[in-house]
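A.B. asks: Once you've had a glance at the structure underneath, I'll fire off some questions.
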Amino acid sequence: MLDRSTLDQHGKLMSTSSNPNHRKFIGLGMCFGVAIGCGIGVAIGNLAMGIGPGIGIGIGFGALLSKWRR
22 MLDRSTLDQH GKLMSTSSNP NHRKFIGLGM CFGVAIGCGI GVAIGNLAMG IGPGIGIGIG
82 FGALLSKWRR
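Remember, the numbering used here sits 21 above the position in the sequence shown when you count from 1.
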């Protein structure tokens with residue numbers, strides 16, 4: 022579950038760091054998640070069912086990378 026520290030003033034998902042180099046990992050994680058989700062969706066034959074979990078995995082991966090890189 023997201024707390025306020027991970028959302029910016031417009032409610033968009035952001036890294037808790039003020040450094041833009043750290044925030045880019047969230048975006049990269051989302052892109053990675055869409056790619057994973059498309060692969061899962063094609064494999065199971067339902068693209069919509071694969072993209073949702075893929076984005077979730079990707080956001081988590083990006084958040085871990087942004088924390089690890091600090």
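A virtual CB, placed ideally from N, CA and C, is assigned to each residue, including glycine.
In this text, all values refer to a predicted model and were calculated from it rather than measured experimentally.
1. Distance check for residue 47 and residue 84, CA to CA, integer angstroms please.
2. Report back the beta-carbon spacing between residue 54 and residue 77 to the nearest angstrom; my notes put them in contact at under 8 Å.
3. Would residue 138 and residue 86 qualify as a contact pair, given that the criterion is a beta-carbon distance under 8 Å?
4. Cα separation between residue 73 and residue 67?
5. Can you tell me the Cβ-Cβ gap for residue 75 and residue 57, rounded? I've got them flagged as a contact below 8 Å.
C.D. replies: Well, looking at it:
1. Straight-line Cα distance between these residues: approximately 6 Å.
2. With 8 Å as the limit, residue 54 and residue 77 qualify as a contact, their Cβ atoms being about 7 Å apart.
3. The chain is shown from 22 up to 91; residue 138 falls before or after that span and cannot be answered.
4. Rounded to the nearest angstrom, the gap between the Cα atoms of residue 73 and residue 67 is 11 Å.
5. Your pair residue 75 and residue 57 checks out as a contact, with CB atoms roughly 4 Å apart and the cut at 8 Å.
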